[in-house]
Every structure is written in C-alpha cells, then in structure tokens.
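Asker: Protein chains in written order, with my numbering: chain A, 592 to 1020; chain B, 592 to 1020; chain C, 592 to 1020; chain D, 592 to 1020.
Glycine included, every Cβ here is placed at the ideal spot set by N, Cα and C.
Number of protein chains: 4
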Amino acid sequence: MPKDNSVPTSIFVRRESEARSYCRSFDTVFSSASGSEMTDEDGRTYIDFLAGCSSLNYGHNDPDMKQALVDHVMADGIAHGLDMYTTQKQAFLEAFEEKILKPRGMDHKVMMTGPTGTNAVEAAMKLARKVTGRTNIIAFTNGFHGMTMGALAATGNAGKRAGGGMALHGITRMPYEGSLGDVDTLAFIEAMLDNSSSGIDAPAAFLVEPVQGEGGLNAASAEWLQGIARLAKKHGALLIADDIQAGIGRTGTFFSFEEMDIEPDLIPLAKSLSGMGLPFAALLLKPELDIWKPAEHNGTFRGNTHAFVTARVALEKFWSDDSFQRKIAAKSVALTTALGQVADMVDGAQLKGRGMMQGVDVGSGELASDICARAFDKGLIIETSGAEDEVVKVLAPLTTPDAVFAKGLNILIDAARDALAAHTSIAAE
Amino acid sequence: MPKDNSVPTSIFVRRESEARSYCRSFDTVFSSASGSEMTDEDGRTYIDFLAGCSSLNYGHNDPDMKQALVDHVMADGIAHGLDMYTTQKQAFLEAFEEKILKPRGMDHKVMMTGPTGTNAVEAAMKLARKVTGRTNIIAFTNGFHGMTMGALAATGNAGKRAGGGMALHGITRMPYEGSLGDVDTLAFIEAMLDNSSSGIDAPAAFLVEPVQGEGGLNAASAEWLQGIARLAKKHGALLIADDIQAGIGRTGTFFSFEEMDIEPDLIPLAKSLSGMGLPFAALLLKPELDIWKPAEHNGTFRGNTHAFVTARVALEKFWSDDSFQRKIAAKSVALTTALGQVADMVDGAQLKGRGMMQGVDVGSGELASDICARAFDKGLIIETSGAEDEVVKVLAPLTTPDAVFAKGLNILIDAARDALAAHTSIAAE
Amino acid sequence: MPKDNSVPTSIFVRRESEARSYCRSFDTVFSSASGSEMTDEDGRTYIDFLAGCSSLNYGHNDPDMKQALVDHVMADGIAHGLDMYTTQKQAFLEAFEEKILKPRGMDHKVMMTGPTGTNAVEAAMKLARKVTGRTNIIAFTNGFHGMTMGALAATGNAGKRAGGGMALHGITRMPYEGSLGDVDTLAFIEAMLDNSSSGIDAPAAFLVEPVQGEGGLNAASAEWLQGIARLAKKHGALLIADDIQAGIGRTGTFFSFEEMDIEPDLIPLAKSLSGMGLPFAALLLKPELDIWKPAEHNGTFRGNTHAFVTARVALEKFWSDDSFQRKIAAKSVALTTALGQVADMVDGAQLKGRGMMQGVDVGSGELASDICARAFDKGLIIETSGAEDEVVKVLAPLTTPDAVFAKGLNILIDAARDALAAHTSIAAE
Amino acid sequence: MPKDNSVPTSIFVRRESEARSYCRSFDTVFSSASGSEMTDEDGRTYIDFLAGCSSLNYGHNDPDMKQALVDHVMADGIAHGLDMYTTQKQAFLEAFEEKILKPRGMDHKVMMTGPTGTNAVEAAMKLARKVTGRTNIIAFTNGFHGMTMGALAATGNAGKRAGGGMALHGITRMPYEGSLGDVDTLAFIEAMLDNSSSGIDAPAAFLVEPVQGEGGLNAASAEWLQGIARLAKKHGALLIADDIQAGIGRTGTFFSFEEMDIEPDLIPLAKSLSGMGLPFAALLLKPELDIWKPAEHNGTFRGNTHAFVTARVALEKFWSDDSFQRKIAAKSVALTTALGQVADMVDGAQLKGRGMMQGVDVGSGELASDICARAFDKGLIIETSGAEDEVVKVLAPLTTPDAVFAKGLNILIDAARDALAAHTSIAAE
C-alpha cells in the first residue's frame, strides 16, 4: 500500500529532492514522538528501533530536556550566538568536563564544529594534515564518515562516493578487522606501512570507527584497535576515533572505546551529543594538537545554543553515576538473546555489533529489507546496514522501557519468521 | 579590559579549541537575546549589528517563532526525524511553495542537506559535477563558500584554505566584478573560456555569490550576473547562486538576485532560512537536475524539524505580502546615509554592498577593527569583512526598530570618529 | 591523391597507432635528408620548413656531426651508459661550460633528464615544488610543455589535456602577454597574486615559454618577462623558462631570453640540443637549487651518449663566435619580409613570433592548413600552430642556404596566393 | 680510492646535477664498450653485469647494428623525422610484425611514444583512463614505472615519490605476489574489489610488471598473473603489462609473460627495444583500444629513426628462430647455479627472479652494496635492487660469451666471500 503519490505526501513528491531516502521505507507522515515511540498523522504508533540512526539514544523528547529547552526559549535564551561565549556554552563545557572528561582521565579540548558529523570529521582530517604536514589518511573498508568531499573520500560505499562527481583524494584504504575472513589485517597493514617501496605515503592519521555503523555493525576488538593505535604511533600518525554513531552510550559506555585501552588523539562526536536529536557536533582534541588559528575552521551554526542546553541536561541526568551504563548492559544482553533467535532462523546468519548496537547479518539485502518492511507493517521502525544492506540493525533508544523493548523485539522476530516463510515458499516453487 | 583569562571565561580558555573566534572580539558571556539586542551575564545590553552573520534576519527570538517552537516541543512534536515525512516538513514545504516559489514563478525542488551552508554548497557542487560529467567549477576571487574540503576549494581566503592541510582541487578562480579596478572581468572570463588552449577545463558550474559577504560586501551588478549566466549557458555549465548570506531578505528581496533577471539552476540557502537561527540549510534545484539517487547525499541532521516549525512561521509572517520588503527598503536608505557619514571621515573610504548588507571600506583592517572594538565598548556588536578585514560591515536584523537602528548607527559613527581621532593623533606624533 | 591506404604505407595503417599525426599531413615515405631538404622513397625532394619542430636547427645530417658520430660508433664508443661518467659526457659538459655558460655569465648546473622535453619540464616542476614546499605552478594560456601528466597539467590545449583521462592538478592558469587584447595581463596577474583572498595558492614557480611555439608563435616582450621575473621574486617563486622550442639559436641567440635581462632559475632544454635531432634533454638549474638526492629523478636514457658527441660538435662549430648569430639575424629579416607578403594577402592577418621562429596568423585554421597542404604539393614541408591551427609557422633550419630559403619562401607565397584564390572563388559563388 | 673530486671528474662535480647516481658507484670515466665489456679512459676493462639496466640485452655495440647505423648515417638516412612515415619505420614495423607479433599470435598495434619507458607507461595509463572513463589504476607494492608525474604515482619507492613534491593521485596500491609472506594476495585483491563498500574505485587498469626489476627481482607466478588478468576482466579493467625491464628476451622469451597464458591489453616497451641502447620506447595496444586521436599523445622524439634501424637488425638477427632463446635458457641455468653459491654463504639469503634476471637477496642493503663495491674493484659492474637495496642483481647481456660470463660470476662469488668475511670479522670484534 505505497502512499508516495497519495494526497498527504504529494507535496514531498512534488517539492522534495529525489535524494530523500528514509521516507521511502517508512511511508507515512509522522507528527509526534515520545520516548521510544513515534506517532503518525493517522494516530498510529510505531516503536522506534532506528532512533535517528543513533541520534536519539535517550529517546524522543526526554521530559527534562524538553523542559529545559522550553524554559530557555521562553526566557529569551540565545538561539544563535555564533561562537560567542554564552552561559549555555559555559554550562555545557563545565558539565562535559565534570561528567565525561575528568572521570575518564581525559584532557581533550572541545572544538565546536559545524553541527554535522561530517563537519567534525572534516575538522579532524584537516587538523591531522595540518599537524603532521602529511596528506595521506588511512581509512578502512566499509567505513562511513560523511558526505562532504573530505569525509566522503574516507567513506567506503561506492554509491556514496560516486555522488561526489569527481575523484576523491588523500585516502589510502585498508581492510577493517574481519573484513577478509581469516586474514590478519593488522599484519597486512603493518607490512604495507613498513615497506618503504609499498607506495603508501606516510600517514597523517588513521581514521577508524571502533564499531562501524553503516558498514554493517562491525565491531573491532580491543587487540585490533590497540594494534592500530600502536601503528599510528610507530609511523608518526594521529589516531582519529570516529565515535559519531557508536559513541554517547550506544555500546554501553560514553565512548565506544573506553574499555579498549587506547587514547585517540581526535574524536569526532555528533548524533546523540545534543541528547534530544538537535544538530550538534564537536571534535575532541588533545590539547597539544590545538594549533588552530582563530576561525581557521569556522561555520555559522557551530555551537548550537539550544543543543548546549539539552546536551547539558543529558550529561547531568545520565552520566552522573554508572546506573545508566548498567541498564544499557542489561538491555544489551536481552538484545543479543533476541537477535540470536532471528539468527537461528537463517542459515549462515551472523550476530554483529555489540552493546545496544547489534544486528543480524542475514546474508542478503533482499531478505534484510523484507524483514524490515514487514516489521514496519507491524509497527516497528527498523533499518538495515552493511555494504549490501544485509544486516538488520537494532538501534533502539537506550532508554527504551523493558516492556516496549521486548515488544519491539517480538515484532522483529515475527517479521523475520514471516519473511523467511515467504522466501522459503518462493524457493520451493 | 580583556576578560579572556578571568574567572567566568576560564572554562572556555581551558576547554574550547583555539579555533574559537567571535568570542575574542566580543569578550563577554551572553545570556539572552531578544529582537535586536543581546544581554550578557552582567545584565549589559548590546545592539546587535552582526545578527549571527545574517542568520538572524528576523532578529533574536521572534515571539511568534518562539511560541510555535515551544508549542511544538510541549506537544512532543518531532525533534529529530532523519528525512522521514513529518507534518512539520509538509507544512514548511507548502509554505515555501506558496510564499516563495509560486509568486516568483520558480519551480525549484528542495533538497534538505546537512544543516550547514557548507553542506548545501557541497551538495550543489556534487550535483553540478554529476549532471555535467565535468569536474571544474569556476569560483571567484574573495568568494566564501564554507570550510569542508569541497566548499573550501571554492573559498578564496588564503588562511582558510591553508587550514585544509592539503592541495584543493577542482576549482578555477576567476575575478569577481570590480576586483581588478577598471578591468572588464566579464570579457576576461569569456576570453579565457573561449580560448580552447587557455588550459581552463570546460566548467561544470559557475559558483557565485550575488553579494559577497565575507569577501567585503562586493555587490555584483545585474549586467555582470546576467553575463555570468550567459557564459554558463554558452559553455554548458550550471549557474549556482550561493545565497546563504545575501538571501532571505538581506538585500531587500527574498533572494538577492530577484531583480537581476537570472535563473540560477542551484541555490544553496542556510543562515536565516530557519528564521530563528536554528541550524538549517537547503539546496534549491531545478526539477530537471534532480538526478540524485535516494540517499546519494545524506546526513543525519538534514531536515531539522524544529527549524521547519520556525521557518514556516517566518515565511508566513514576513513573506505573505510586500510590506516587509518595503520596510527593508526604507531601512536600507537610512543605512546608506549613516554609512556615508562614516565614509566622509576617512580619506578614500568606499561604501560597499546593498540593501541591509552594507558597509564601509575604510582602507585598512587595523582601522576597521579599531572602529568595531570601540563600538563594542559603546554597546554595539559589529564586525569587519574583506580580504584584509578592511570593511566595517552592518548586518543588523531586518526587523530592527527604527529607534534602535538609529541608536546603533550613532554608536558606529561615534566609534569611527574616536578611532580616526586616535589614528590621526598617532600619525601626528 | 591521398596515399594513406596505398601499398607502401599500409604497414603504417595496419600497425601504427592512430595517435600518429605528422605523417597524415605529409603523406609520403621519407628515406633520407640532408641540410634543409628531405627526400622521399620516390626520389622527390622537399624543402623542410618544419625542421623537426625546431629539433633540427642545424639542418639534417650536418657533415661534422655525422662524421663525429660515425667515428664514435666505429671506435666502439659508448652508446648507452646510464648516467655513468664517460669521456663523451665530459667533453660535452666542458663545451657547454666554455661556449654557452661562461660567455653569458651563467653558473647553472646541468641535469641530464630523460631525453624528452616533457621529462625536462617534469624535472623542473618537481624541483620547484621540492625547493619551495609549495604545489601551485603558474602556467600560461596557450602554453605547451609536454604530454606526461605533470607537464600536461601545464599545457593549455584542450584536446591534449582531455587525452589525460583524468583531472590535472597543481596548475593555476594565467593569461600570456597579448592573449586578451589590450588587457594588461601583468597587472592582472599581480592583482590576483597580491589579493590574499583571490584563492590562488602561493606559487612554487612561474613556467613560461619566452616564445610560445605550439601556442601560435606568441613572443613575449622583455618588459613582460621582466615583470614575470619580478612577480616570481616578490612571491618567493622560481622562474622556469621553457626554452625547448625557442632555444638553441631559434630566435637568434642561444637562449631565447638572452637579451631580456632576466635570469631564469630553471631552464628545460631539448629538441635541437643534440644538434642532429637525437633524443636529448637537459634541465639547467642554478647551483643553489640543486637539492636533488642521487637518482631522485632518474631515467634509463638520461644522458644519451651519441647525443653528447653530436651536441659537442654543434656547440663548438656554431657557438665559438658570433658569426652564426649574425647569419640568423640576416635570415630573420628576410623571413619577416616574405611573411609580410603573405600577410598582405589576407585581411586582418598578423605577423607572429621573432627571429627564425616567425609565422602569419591568417585568421582560420582551415585557411592555414590549406596553405600548408598546397605548399607540400609544391615541395615544401611546413606546418601550422596556434589554438585553432591558425598560424602558418616557419621553422626552417637556421643553416638553410639563402637560395634554398628564398625558394622555400616563394613556394609559401605561391601556396598562400593559390589558397586565397580558391577561398575567394568559393566565397564568390 | 674515490675519484669524485680528482681532476678528470671535476667537470662532473662542478656542472652535473646532484641527481646523478650510477657514476657514484662506478667512479671512473668510461670511454668505450663492446659486447659484455666496458673500458675506462685508463684502459681498464670491466665485465658489465648491469647492461644499462637491461637496456643492452644484446651487449654493447653489436657489430651488425653498428654497421647498419653507420651505413644509415653515411647515406644521410633520416636522424629525426618526427612521426612522419620513413622507410626505416616501415622496415621496423614489418620486422616487428613478422618476427614478434605473428609468431605469437598477437594483433597489437604499435604506438611510438616519447623514447623513454616512463612515457610509454604514461601513454598506457592515459589510454586506459580514456577507454574506460575511470581514473583509478591499480599498481603494486615495489612496482617501478618511471618518474614523470603519472608514472611516478604508480611507482612504489618512497624516496622517488617524495621527489614529486606534491601528492600523487589516481592509484590504488595492492600487494604484489609474495610481498606479504604467506598471505594470499590475489584473494585479498579480489575481496577488496568485490566489496562495494571497500572504498576502492572501479579500476581503469591493473599495471603490473611480470618481474619487478627495481623492486627486488620479484617474479610473479603464472597463476598469479592469470588471476590478475581474470580480475581485470571481471571488473572491466585493462591489463597493462609493463615489460620495460623484463621484456626483450631478458627472462628467456621476447615478452616476459609469453608462457603465462595471459593477453595483456597494453604493453609498454623500452630499454632494450632499440637493440643498441638508443632511446626508444613504444606502447603495444590491442587494435580495438586504439581510440587515440591524431597527436593526442605526441612528443618530439617519438619514433627515433636511428633506433628503428638498430631495432630492426636486432629483431632479424636474434628473433628469426629459437636459437637465441635456447642460449638464454642455458645461460640462465648457469646463473642460478652461481647465485646459489652466493646464497649459500649468507644466512637466510634468497634467490630472486628468473631467466637472465636473477639475483640474491642477502638481507641487507649494506651487505649487498659492499659486495657490489668489491666486485667493481675486481672489474665487475653490478648493482643492487629492492626496497632496501638488499638484492644483488645480475643483468648481464644475454649475449655474454660463456667464458666472460663465468669470469664475471666468479668475481661476484669472490666479492661476496670477501664482503662476508669482512662483515664476520667486524661482528666478531
């Protein structure tokens, strides 16, 4: 029952560019959202296992953030202040220092980049090149870092890259852990870098996602990330940990690499950083690398003041003690169990990811998309990822109530069962 | 009386990257803002002639936008919906079609890019290259288009470009109108393009700001822009009018080129598009160019739902008839008069820009900065622009009440008088 | 009477790539050549006003060079010695120092590059970038510097550039003197470089031909070249004078810029350097710029030993006193006179070039090609140049006997008259 | 006993660029050469196991080539004819068709590129990009393809690449067979290309040396090369076999890949192609790929006529039957035996290469260089190769008489023994 040409959506078809995408999978018009659920204009409610692609880790419209934002607006709090000093930025920085940096022994500074992940990644790449005087940045297979020309060069997906319309420069591609079966990717990378005639220019940085979100929920091991960190140091390169999708609690800790014993030099953050899904991004950088001149990387919307307000609330509410982390851990176990049921239905299926960033590789994009489509019909918003969209990906809000979470997982299991039955019956004909 | 190391600002010095900039000129901590004025934490009020670099054309916290946003939030309106269909996007698109496109006979589609100007520019550049199969984009001296690698290549400023840390590709630089004194820049460009041995690759697009904001308030004439449009057509290139700073009423009409008899193929918009200073950007594109595949250019925060709400209010409130335009026109006259008084004080000073985007080139960045610094001490927020920061630039909210506008202009005149007196007395020693 | 598919040439059609070119204009099979004349396999003799595109400035098979080469070969002189020390290289370097460098007060060192002009240009570009740490090289409209990717980037011709199959980087294009009618190109270039927001990166070098051969025999004035030299110094860039076609006596002096009061840092030489048309190229470089590491730019055929032998003879025979230069000067006058007769026949025709590197711009490539084709039928080998092949170009050996020279010029005048008559009669129909 | 500053060589030090290299290892002034031996100005004779880096596969000054060249010159045969048709080119093409192409069932056309290997490689790269409309060319670790910017991008050596002075584009680097120990490099390459999110752009070509000369005498297996050919076909890419150093009989057959059951689309040739060490290069291309427009890739010295003369003699003399190949095979066996003796002296030493392109990896550049230096003192010219110069490389003329060959090999064995003794005694102290 596609609605794309129906009356309510016609303005979208008529006026919104063909670049639009999620609206094609979830073909209804949403009007409100709260916690783990979205409601469309017909009053139908959907459980949200997409969460703005991990931008809504605390759910939709958290009541405390809502209230703080409304209070701010009603008091004529600043909506746009360029990168001037504001009381809201001050409060955010203090909270970030207290709740995040200090407890983790980190001394990073915060650069307010343009309020998109790709902008934070571009800032990181620019700074790495500026600091080292080198051009080459090592990025990984299946990596996704954004769509502006610098970040796009580091992104692996062929279709996205082709959209650039010109050759993309400055990146050497290396295999992510596990991307080549049994091949020891770390040994491969080391051998290529150690060989002075390999044709690989000395790197400015390694740009790596500790867990690849768009790339198929590939989770690197601590050993592998430590190896990358060691190679970076050995070759005079910086380590950029792109924690845009995996960070802010998604894997169970604020940063996805917290328990991995590495110290990234540069950490782009975005998505759930504002807490409430507002556009906001930042680059954490070690103080000794902060060689930026004033405005050397600027942008009109850097430092979204509304986002400072909600982000501060999020930090204070969720990261003042370890109770939130413990809840995530418990929920992650439930998730693994449920996904295991899905995996058991499909020959060769594999569990992917970790924490609340897990999924099932069902072997084909067609099957994965069918499962997601059937889930949507049953009231669950869920998407695929991976090079061939072969992974059914669960990115539920970390705050999802247990009952809602269980209900969503059951829908997923039902959808998978139906999809497989349909596929089997087709195959049997 | 620099406050940068004082107690209230120490968190900024300690934790915010050296890339921060405006806060260095306006060294206080702002806490609220309304209409044309900002207030700092000590309760001091400043008239704002910067307006978020033209992101606050309707002033701070317009009461109707505020109310609509608060209502939306309190009703659990969607804060983040990726690029799904929402009632808020629907309402925005309908308003944009009714209030902007139809009255101007335009048939452009709207692409929700990442919510930054640079992202809209990158999308335009990518699309122009994709449509034409060519790489080369012609950009202009003193142009400013953003800081991500694609847009940065098109930006003229040497310092900004150096921040990229690597060579920037895909751009041929041509002189903007008036940038070379009496030289007929249009004839020059035409001669270079017509010569098959000039070494200039066939262009995918011309990327031009009708009025250059950062570049020094250079306003191109209708004849010159028509000439560029003609050359684009002649050489099979698209015309991209970057209206990020000059658009949304700043020059007196919604688009800065409305009265110029040109039809740009692609129009990046940002800054004041949301009405309230929220991060929001879009690319207008002629329907026949909409060859994007789904998600070929995507981004987590494309289509900021809060911004849809406020942008719709702005369109309905200010663009339903021509009364707003008439008020801008009147205010622009007052602005020209006042700036004329400043210009009269300085040998060789020149008025720059048009509409509510005017300034005075006082011949040196040192003098211009001194004027701005003295204005700030007197309670006026105002900045410079130009390659050497030699232009004192007025970007007051278009809604500034006449009395406040007059007061601000008087402060500016006083500051200029003081600065010149000081300079003269130094010169006399 | 095209022969391209006839029996004698069929092996060429069958086995030689479509990239072949001159053989298409001069469709016969040549078997021998002496002095200013070439003879084909049918015994027909042609006067050669092409001279290997200025590679045979001393004519074909100069008897002294022939003898020296034959003596060398018969004595088992080295044919190929990589870049080892040989008595032949020693003798060449000594002659070059004595006959060329010392009398001109030059202290340049000699780098034996691969034996092609494009390789010498690439070496110059690499060294300029290495010395300055900058990427950007300023090249000029209508410049021709070779066909390998570095040099091709600096070449203006659209067709040649398209052959590269990918975007070419690292070059900013500036207008050559006179390329834009009355526009003061030097002032334009200076304004673009002085504007820190022009988007032109600081240059590593200016790469300029004192006379543009392929570009249409455009001869820069001393004032203009001095201006370029001054701008190079002002902006910390090197001056590369590509004297591959205009050097080795072609304009009347050994270097084409000798009387221009400039001191180029780097001077690529090739074409007539060997004296006898053998593959040979070199890069002259100021000693303080010689920061090459051993083999940092190498090549199997660098330092062609046969060419050392003939080049030494050429230097000793023609450059031991000023008699050769005086003869060139006299012949150049005769050339100007004859070309004046051609120019007088064509409305708007213009004399181009200087010395023995002159031609007539007849306004269209069609007419110029017709003149050359008719000349060939009458026994004269002559070619066109320019962006549209609109210039009939005379590059006769500098040693052409006066009678042969006069005969060749008369053929040219006759061919022009016939061509114009044909064009006029077509136009009259 | 370094002679670099002595009287005879002072002109070199004073006037030749620091880029000079082989003369540093072989510090004497050579004056003549015949067959397998070179003689310096003091009358000392050296056995030549370098052979112009495989440019003198038929030895120095082959008497038949000498005579043909002298006859040609004395008869005023053309020395330089651009790319016009000449009887000499005709005879060369006929011989090449008869002796090389037809017997091997090949239908390639011949493109006369500039007379350097790097130019032939650039032509191949340009054509591959032009034919496929793609930019990316896959090159291999330790590959060496030349020093102009296009070919340099494909070259692996870090020092050579750094000489370019700017970032090099358009190449993706893949591991050569055996470069990573036991890793299945073919499987790796296939996995990277098959993954649509690997970030590797679709390739225009694979550029591979069947035996890597400069890279350390790495000889790919037939299986591996067939695998590369299969991947090229699978991904719509051309196969470029760079046979510049390994071709023209060096490995035992005219092309190094003859017995490998692959059909390269493009084959750059140079070095020994002229037979006598004269500058000459060509690109063989399958007829259906010959989409070049006239002069789209040109060059003054393309089609060196002297080289046509000697190359024709070489083809007729050595490739009319299989006797030459049988002699090479026999000599190759002797070479393997002798190198085995060297390898036996050094712990962990490895035999490298195949045919008359063999060497010993002695584990360190220091040791290999010491062996070569001692060999030179004993009258043998021999060089190293490999990323760290760790391979002692034998590139003797294929025509070396057995006695001379044995004598040279004995010198090598002695030099190795002496070097090892010295190293051991140092180590023992």
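Are the C-beta of D:GLU713 and some C-beta of chain C separated by less than 8 Å?
Answerer: yes
Asker: Please return the same chain residues whose Cβ sits closer than 6 Å to the Cβ of A:ALA920, not counting the five positions on each side in sequence.
Answerer: GLY843
Asker: Give the single residue among C:ASP792, C:PHE892, C:ALA742, C:ASP775 whose Cα lies nearest to the Cα of C:ASP833.
Answerer: Measuring C-alpha to C-alpha distances from C:ASP833 to each of C:ASP792, C:PHE892, C:ALA742, C:ASP775 identifies C:ALA742 as the nearest.
Asker: Flag this pair as yes or no: are the beta carbons of D:LEU857 and C:ALA670 separated by less than 8 Å?
Answerer: no
Asker: Measure the alpha-carbon distance for A:SER960 versus A:THR975 and round it to whole angstroms.
Answerer: 7 Å
Asker: Contact between the stretch 624 to 643 of chain C and the stretch 993 to 1009 of chain C: three or more CB pairs below 8 Å?
Answerer: yes
Asker: By DSSP, does C:ILE602 sit in helix, in strand, or in coil?
Answerer: helix
Asker: Would you give the residue range spanned by the beta strand (DSSP E) that C:THR630 belongs to?
Answerer: For C:THR630, the uninterrupted beta strand (DSSP E) segment begins and ends at 628 to 631.
Asker: Quick check on the DSSP output: what are the complete beta strand (DSSP E) runs of length 3 or more inside the stretch 676 to 719 of chain A, in order along the chain?
Answerer: Counting only runs of 3 or more, we get 700 to 703.
Asker: Write down the C-beta distance between B:ASP674 and A:SER612 rounded to the nearest angstrom, noting that I regard them as a contact closer than 8 Å.
Answerer: Correct: roughly 6 Å between the Cβ atoms.
Asker: To the nearest angstrom, report how far apart D:GLU850 and D:PRO801 are at their CA atoms.
Answerer: 11 Å
Asker: Answer with buried or exposed for A:GLN658, where buried requires no fewer than 16 other C-beta atoms within 10 angstroms of its C-beta.
Answerer: It counts as exposed.
Asker: Here's the rule: buried if 16 or more other CB atoms are within 10 angstroms of the residue's CB, otherwise exposed. What is A:ARG917?
Answerer: exposed
Asker: Under three-state DSSP, which class holds B:SER976?
Answerer: Three-state result, B:SER976: strand.
Asker: Roughly how far, in whole angstroms, is the beta-carbon of D:ASN648 from the beta-carbon of D:SER625, given that I think they are within contact range, below 8 Å?
Answerer: Not confirmed; about 15 Å, so no contact.
Asker: Which of helix, strand or coil does DSSP assign to C:LEU641?
Answerer: coil
Asker: Output, in chain order, the set of chain A residues within a Cβ distance shorter than 8 Å of B:PRO885.
Answerer: GLU609, ALA610, ARG611, SER612, ARG615
Asker: What does C:ILE691 reach in chain D if we use C-beta pairs closer than 9 Å?
Answerer: Result: empty, since nearest Cβ-Cβ is about 11 Å, beyond 9 Å.
Asker: Name, going along the chain, the residues of the stretch 758 to 778 of chain C whose beta-carbon falls closer than 9 Å to a beta-carbon of chain B.
Answerer: Cβ contacts with chain B come from ALA758, LEU759, HIS760, GLY761, ILE762, THR763, ARG764, PRO766, SER770, LEU771, GLY772, VAL774, ASP775, ALA778.
Asker: State yes or no: is the C-beta of C:GLY737 within less than 8 Å of the C-beta of B:GLY790?
Answerer: no
Asker: What are the start and end residues of the alpha helix (DSSP H) that includes D:MET936?
Answerer: 914 to 936
Asker: Relative to the C-alpha of D:ALA978, which residue among D:PHE731, D:THR739, D:HIS888, D:THR991 is closest?
Answerer: Considering only alpha carbons, the answer is D:PHE731.
Asker: Are B:SER622 and A:THR901 close, meaning C-beta to C-beta below 8 Å?
Answerer: Judged by their CB atoms, B:SER622 and A:THR901 are not nearer to each other than the 8 Å cut-off.
Asker: With a threshold of 7 Å on Cβ separation, who are the neighbours of A:LYS969 within its own chain once the five nearest residues in sequence on each side are excluded?
Answerer: ILE1002, ASP1005, ALA1006
Asker: Closer than 7 Å, Cβ to Cβ, to anything on chain C: give me those residues from the stretch 657 to 683 of chain D, in chain order.
Answerer: LYS657, LEU660, VAL661, VAL664, MET665, ALA666, ASP667, GLY668, ILE669, ALA670, HIS671, GLY672, LEU673, ASP674, MET675, TYR676, THR677, THR678, GLN681
Asker: Within the 8 Å Cβ cut-off, does D:ALA782 reach chain A?
Answerer: Taking Cβ atoms only, chain A reaches closer than 8 Å to D:ALA782, which makes this a yes.
Asker: Does DSSP classify A:ASP952 as helix, strand or coil?
Answerer: A:ASP952: strand per DSSP, three-state reduction.
Asker: Name the chain C residues whose beta carbon is nearer than 8 Å to that of D:HIS826?
Answerer: Under the 8 Å cutoff, chain C gives no residues; its nearest Cβ is about 17 Å from D:HIS826.
Asker: Using a Cβ-Cβ distance under 8 Å, would B:VAL904 count as near chain A?
Answerer: no
Asker: Pick helix, strand or coil for C:LEU860, following the three-state DSSP scheme.
Answerer: In the structure shown, C:LEU860 sits in a strand (DSSP, three-state: E or B).
Asker: For B:SER847, which residues in the same chain have their Cβ closer than 7 Å to its Cβ, ignoring the five residues on either side in sequence?
Answerer: PRO801, VAL802, ASP834, ALA837, GLY838, ARG841
Asker: By alpha-carbon positions, which one of B:THR726, B:SER865, B:VAL983, B:ASP667 ends up nearest to B:PHE909?
Answerer: B:SER865
Asker: Does any CB atom of chain A fall closer than 8 Å to the CB of D:ALA978?
Answerer: Yes - at least one Cβ of chain A is within 8 Å of the one on D:ALA978.
Asker: Using a Cβ-Cβ cut-off of less than 8 Å, give me the residues of the stretch 783 to 795 of chain C that come near chain B, in sequence order.
Answerer: From the stretch 783 to 795 of chain C, only MET783, ASN786, SER787, SER788, SER789, GLY790, ILE791, ASP792, ALA793 have a Cβ closer than 8 Å to chain B.
Asker: Can you check which of these residues, A:SER616, A:SER601, A:VAL774, A:ASN809, is closest to A:GLN941 by C-alpha distance?
Answerer: Of the listed residues, the one whose Cα sits closest to A:GLN941 is A:ASN809.
Asker: At which residues does the beta strand (DSSP E) containing C:LYS884 begin and terminate?
Answerer: No beta strand (DSSP E) holds C:LYS884; DSSP gives it neither H nor E.
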